[in-house]
Structures are given as structure tokens and as C-alpha cells.
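Novice: Residue numbers for the sequence shown follow the numbering used here, so the first one is 28 and each next one is one higher.
Virtual Cβ for every residue (Gly too), placed ideally from N, Cα, C.
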Amino acid sequence: MGVLCLDKDEKKENKEEINESQGVERAYPEVCPECGGNIVMDAEHGIMYCENCGYVIEENIVSTGPEWRGFDYEQALERSRTGRPITPTSHDFGFGVEIALTDSEGSPVPPSESARIRRWTRRISTSGAMDRNLRAGLSEIERLCTNLRLPREVREYAARIYREATRRNLIRGRSISVVAGATVYAACRRLKHLRTLQEVSRAAGTSKKEISRTYKFLSRHISDIKSEPPKPEDYVDRFCDKLGLGPETIEKAKEILRKAKEAGLTSGRGPQGMAAAAIYIAAILTGNRKTQKEVAQVANVTEVTIRNRYKELTEKLGLDIST
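Here's what the structure looks like:
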């Protein structure tokens with residue numbers, strides 16, 4: 028096996044390239060900026076938080092690099108030659124052709140020649156209308172998931188749904204952005220990384236009605252999309268995090284929702300509205316009061332909805348709150 032020898036400048040340049048392109052993690056604080064406590068990384072849920080005060084340092088952490096890691100520079104350089112990881116988020120699963128833009132001696136080809144090579148590479152990679160549609164759709168899914176700060180598992184699940192919809196010719200006559208939004212929404216529901224229809228439609232630049240309609244259409248034809256309706260408690264953690272509310276308020280809101288479910292108060296009610304009302308009440312009870320307007324904006328519901336659910340919960344559960 029040959030040994031690659033690099034001079035100091037080449038090694039530095041390649042090391043920087045690997046750091047940028049091969050998944051070296053971004054830097055995070057070693058201690059909590061709020062209380063100085065230890066920081067815990069929950070890899071399963073993609074969240075980094077303080078184990079002492081519960082402050083969320085970062086959520087929906089996504090690893091964009093390959094699955095391997097190098098323990099030193101030489102190992103990282105060697106493993107970087109293994110190529111791109113297989114991924115359903117790429118229209119060709121990562122098996123696409125990559126043509127080096129250098130001549131036989133390693134010198135860069137002229138700009139006009141490199142442009143021609145890139146153009147033909149794209150034509151080879153996306154030879155038909157279906158391939159072009161798939162490429163555009165997967166690109167839109169990637170953009171949406173980045174905008175919504177969703178983890179890789181959601182991106183890949185949404186990509187698989189989009190592929191299946193393309194294969195079954197379910198996309199014909201529908202906007203790519205709408206279908207991509209519907210697949211992202213479906214993946215969020217299935218994997219419990221909930222985002223509201225309002226959030227997805229806003230990120231996609233389309234109407235909530237169109238995404239909802241397309242989601243229902245795809246659900247009738249693709250069995251993998253079907254999932255249980257979201258529960259109010261599924262929204263509590265994220266809404267509280269956006270409102271800057273800690274573990275005490277989160278637990279109190281979930282307790283209120285558990286009691287509401289036992290009393291039959293959640294049936295037929297929108298989960299976002301119920302979650303918002305429970306959080307509003309919990310914030311008051313734990314001394315972390317938030318206005319109805321603040322909670323409504325985070326939950327994407329109206330203040331009237333919060334007031335109605337608030338009245339039901341306080342009266343039926345016998346909650347004594349001085350407002």
C-alpha cells in the first residue's frame with residue numbers, strides 16, 4: 028500500500044477541507060450558560076440541555092457528515108476516500124458520478140471546460156423528467172427540514188415518501204413545494220418531531236389548506252404515512268422551550284393534560300389549543316406567567332381558543348387560579 032506524503036501547506040489545506048466537509052462537529056459550551064451546570068447530549072432526540080436547570084442549549088441537532096469518524100488527521104484523510112454516504116435524500120442515493128475537474132497532471136481545467144463538464148454531469152445524473160422532478164423535490168425537502176430545524180431521520184423519511192409518491196405517479200398536477208411540504212409534515216407526525224401545519228406551510232411558502240389536502244391524499248395511497256393523531260402532550264416540550272419555560276412548568280402542563288384526558292376533556296379538541304391552554308395555566312401556577320398572546324403565537328392558535336380551553340380546564344378540573 029502506498030503512502031501519501033504531503034508537505035506542510037498541503038496537509039493544512041486538506042485538514043481544513045476535511046473539517047469543513049466531513050462532519051466535524053460544531054463547538055458547544057462545556058457548561059450551562061445559565062447556571063454553570065453539566066451539559067447532557069440526548070443523541071436519540073437530538074437535543075443538548077443542562078441536567079441541572081433544564082436549559083436547552085440546542086435542539087434538533089443534525090449530523091451532516093458521513094457515518095465514520097477519524098481519531099486523528101491521517102485516519103480522517105484515509106477514510107475520506109470512501110466516498111459519499113448512501114442516503115435517500117439524494118436523488119441517486121449518493122451513487123452519482125463525480126468527475127474531477129483536473130487534467131491528467133492534476134492541474135485545474137479552464138472555466139469554460141469545467142462548466143461544460145458540470146452541465147453534462149447534470150444531464151447524465153438526471154436524464155428523464157421523473158429524475159428531474161425527484162431531484163427538485165428532494166432539494167425542497169432538504170430546504171424545508173433545514174428551515175424547520177429537523178433531524179436527519181425526518182429528512183430521510185420524507186425523502187422515502189416522496190420517492191414512493193413519484194414512483195406511483197401521485198405527484199402529477201401538483202406543486203413540488205406542496206408535495207414536499209406534505210411529506211415533511213407526514214414524516215414529522217410519524218417520527219414524533221411535530222411541526223404544525225402552519226409552520227410547514229409557512230416554510231414551504233404555500234397554503235396550509237393545500238398541504239393538508241395533499242397529506243390526506245398521499246395517506247390514502249401510501250400506507251407508511253399513516254400515524255396516530257398527535258396528542259396535546261406531544262407539543263408541550265417544544266412550545267415551552269420556545270417560550271423559555273423550564274422543566275417545572277413542562278411537568279405541570281403535562282400533569283394538567285393527564286387529568287384533562289382522564290376527565291374526557293381532550294376528546295374532540297385540537298391538540299395545539301389544549302397544549303397551549305395547559306401551558307398557559309402551568310406557567311401561572313409555577314410563577315412563570317406568560318401572556319395569552321405569547322402562548323398563542325408559539326402554538327399557532329388564537330387567543331380565543333386559549334381562553335375557551337382555559338375556562339374548560341380550570342372549571343372542570345377545579346383549578347384555583349387568581350388572574
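Pick helix, strand or coil for I249, following the three-state DSSP scheme.
Specialist: Reduced to three states, the DSSP call for I249 is coil.
Novice: Taking the Cβ atom as the reference point for each residue, do T223 and N327 lie within a distance shorter than 7 Å?
Specialist: Cβ distance < 7 Å, so T223 and N327 count as in contact.
Novice: What do you get for E167, buried or exposed, if any count of 16 or more other CB atoms within 10 angstroms of its CB means buried?
Specialist: E167 comes out buried.
Novice: Starting from G208, trace the alpha helix (DSSP H) both ways and give me its first and last residue.
Specialist: 203-218 is the span of the alpha helix (DSSP H), which, as asked, contains G208.
Novice: Nearest-angstrom Cα distance between L171 and K279?
Specialist: Going by the C-alpha atoms only, they are around 32 Å apart.
Novice: Apply the 10 Å Cβ neighbour rule to H220 and answer buried if 16 or more other Cβ atoms are within range, or exposed otherwise.
Specialist: Its Cβ being crowded by 16 or more others within 10 Å, H220 is buried.
Novice: When you compare the CB positions of Y242 and A302, do they come within less than 7 Å of one another, or not?
Specialist: Their beta carbons are not under 7 Å apart, which means Y242 does not touch A302 by this criterion.
Novice: According to DSSP, is R182 helix, strand or coil?
Specialist: Correct three-state label for R182: helix.
Novice: Where are the alpha helix (DSSP H) runs, 4 residues long or more, that stay fully inside the stretch 288-337, in chain order?
Specialist: Here the runs fully enclosed are 298-312, 319-326.
Novice: Report, in whole angstroms, the separation of the C-beta atoms of I283 and A309, which I expect to be a contact under 8 Å.
Specialist: So it is a contact: roughly 6 Å between Cβ atoms.
Novice: Cβ of T193 within 7 Å of Cβ of L161?
Specialist: In this structure, L161 lies closer than 7 Å to T193 by Cβ.
Novice: Expressed to the nearest angstrom, what Euclidean distance is found between the alpha-carbon atoms of L245 and Y184?
Specialist: Roughly 14 Å between the two C-alpha positions.
Novice: Are the CB atoms of V325 and L270 nearer to each other than 7 Å?
Specialist: Yes.
Novice: Using the Cβ count rule (16 or more neighbours within 10 Å means buried), how would you classify E260?
Specialist: Buried is the call here.
Novice: For V257, name the three-state secondary structure that DSSP assigns.
Specialist: Sequence inspection shows Pro at residue 257; the Val mentioned does not correspond to that position. In this structure, P257 counts as coil in the three-state DSSP scheme.
Novice: Taking C-alpha atoms, which residue in T173, G297, K343 lies nearest to P257?
Specialist: Considering only alpha carbons, the answer is G297.
Novice: For a test of the three-state rule: what should DSSP assign to P60, helix, strand or coil?
Specialist: DSSP places P60 in coil when its eight states are reduced to three.
Novice: Measuring straight from C-alpha to C-alpha, what distance separates I311 and K317?
Specialist: So the two alpha carbons sit approximately 7 Å from each other.
Novice: Exposed or buried, P26, counting other C-beta atoms within 10 Å across all chains shown (16 or more means buried)?
Specialist: Nothing can be reported for residue 26, as the shown portion of the chain is limited to 28 through 350.
Novice: Give the single residue among E321, L344, D268 whose Cα lies nearest to the Cα of L292.
Specialist: Per the Cα distances, L344.
Novice: Hey, S254 and R217 are a contact pair by Cβ (cut 8 Å); roughly how many whole angstroms apart?
Specialist: With 8 Å as the limit, S254 and R217 qualify as a contact, their Cβ atoms being about 5 Å apart.
Novice: Measuring alpha carbon to alpha carbon, tell me which of I348, R201, E237 ends up nearest Y212.
Specialist: Of I348, R201, E237, the residue nearest in Cα terms is E237.
Novice: In the DSSP assignment, the alpha helix (DSSP H) including L346 goes from what residue to what residue?
Specialist: Per DSSP, L346 belongs to no alpha helix (DSSP H) and is neither H nor E.
Novice: Short of 6 Å in beta carbon distance, which residues of its chain neighbour K38, apart from the five on each side in sequence? Order them along the chain.
Specialist: Confidence at K38 is low in this model, with a pLDDT of 39, below 50, so the placement of that residue should be treated as unreliable; the coordinate-derived value is given next. So no residue of the chain qualifies.
Novice: So which of R176, C215, D158, N174 has the shortest CA-CA distance to E191?
Specialist: When only C-alpha atoms are compared, the closest one is D158.
Novice: So, are the CB atoms of A163 and I203 less than 7 Å apart?
Specialist: Yes, they are a contact pair.
Novice: Is the Cβ-Cβ distance between T313 and E342 less than 7 Å?
Specialist: Cβ atoms of T313 and E342: not closer than 7 Å.
Novice: Looking at the strands, I want to know which residues DSSP matches up with V263.
Specialist: Per DSSP, none; premise fails for V263.
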